[in-house]
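Visitor: Have a look at this one before I ask anything.
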Ligand SMILES: [Zn+2]
Ligand SMILES: [Zn+2]
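Residue numbers (my numbering): 4 to 296.
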């Protein structure tokens, strides 16, 4: 702060500009308007108004715009869950023989039908309550500290699953180029970049590309979801994918169709395996042409 302020008393200068920011910007031609803008930004970092989810005053010095109570309220994915897609399988205690295959894996009906091309998918928490708000902040406001916080949770999740080193690269689910230009960033990369750093793995943001955009309409039926991503991804020509174990990151798993379509493109290009990780998982992840789920 002192560096950016011509006055020796940087603190006082910053205080004044916040109190009368508009005046400073409007009247001063010597550069203090620009400085006022910087000090406003600093104040908003160090003294945020309140939790962006519940509005409770933020007391910690963390750069997260979400309070401890909201962060602590995220609902972890209940166990037991499907060994492949991670879908919670309630009511399976103790494990009935009927859902155990010869490899003794616990599988949901979709995974018994080998619906997904990925080897495994796991999520940090259920897409409900305050987590919905947190995902929206990630999606529309590019809050990088929140992406880093979620990446830490996902790294812990991998540790719990004992699969931390079983990947060679970390890849975000890509947006279509037009959509990324409109938004200015890819929210999945806000997760994959800090996770790759934490796991000391290469981050390959451009290995995959989305060749067909998601339909414009906001709400898609289940069939439309599957249809909209089928064949919508490809590996970038010239990229080295052969034999790679890919860790694929996205914000929300709804039907699993997106991770599946990305996994198919990667495997087709020669990848060895694909494991999906998402922050959130929709409570119901129904399959196409099924009213049951
Ligand atoms: Zn809160
Ligand atoms: Zn499953």
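All residues carry an ideal CB built from backbone N, CA and C; glycine is no exception.
The structure displayed is predicted, hence computed values, not measured ones.
1) Nearest to residue 179 by CA position, among 232, 193, 205, is which residue?
2) Is the beta carbon of residue 121 closer than 8 Å to that of residue 277?
3) Please indicate yes or no: does the CB of residue 54 lie closer than 7 Å to some heavy atom of ligand 2?
4) Any idea what DSSP makes of residue 2, helix, strand or coil?
5) Relative to ligand 2, is the shortest distance from any of its heavy atoms to the C-beta of residue 87 smaller than 7 Å?
6) Can you tell me which residues form a DSSP beta bridge with residue 281?
7) Short check: CB of residue 255 to CB of residue 153, under 8 Å?
8) What's the gap between the Cα of residue 275 and the Cα of residue 202?
9) Mind reading off the beta-carbon distance from residue 207 to residue 174? Whole number of angstroms is fine, and I expect it under 8 Å.
10) Please state whether DSSP places residue 276 in a helix, a strand or coil.
11) Based on DSSP bridge pairs, tell me the residues matched to residue 238.
12) Among residues of its own chain, excluding the 5 on either side of residue 192, which ones have a beta-carbon nearer than 6 Å to its beta-carbon?
13) Any heavy atom of ligand 1 closer than 7 Å to the Cβ of residue 69?
14) Expressed to the nearest angstrom, what Euclidean distance is found between the alpha-carbon atoms of residue 215 and residue 63?
15) Is DSSP giving residue 55 helix, strand or coil here?
16) Quick one: measure Cβ to Cβ for residue 149 and residue 141, integer angstroms, because I've assumed they're closer than 8 Å.
17) Check the DSSP bridge columns for residue 173 and list the partner residues they point to.
18) Between the Cα of residue 112 and the Cα atoms of 127, 158, 86, 243, which residue gives the shortest distance?
Guide: On the basis of the supplied data:
1) That would be 232, whose Cα lies nearest to the Cα of residue 179.
2) The criterion of a C-beta distance shorter than 8 Å is satisfied by residue 277 and residue 121.
3) For residue 54, the CB stays at least 7 Å from every heavy atom of ligand 2.
4) The structure shown does not extend to residue 2, since the chain spans only 4 to 296, so no value can be given for it.
5) Flag set: Cβ of residue 87 near ligand 2.
6) 126, 253.
7) Here residue 255 is not near residue 153, since their CB atoms are 8 Å or more apart.
8) Rounded to whole angstroms, residue 275 to residue 202 spans 19 Å at the Cα level.
9) The Cβ separation is near 5 Å, so the contact holds.
10) DSSP places residue 276 in strand when its eight states are reduced to three.
11) DSSP output for residue 238 lists 211 as bridge partner(s).
12) Sequence-distant partners of residue 192 (beyond 5 residues in either direction) whose C-beta falls short of 6 Å from its own C-beta, in its chain, are 175, 208.
13) The answer is yes for residue 69.
14) If I take the Cα positions, the gap works out to 43 Å.
15) Coil.
16) Yes, residue 149 and residue 141 are in contact; Cβ-Cβ is about 6 Å, under 8 Å.
17) Beta-bridge pairing links residue 173 to 206, 250.
18) When only C-alpha atoms are compared, the closest one is 86.
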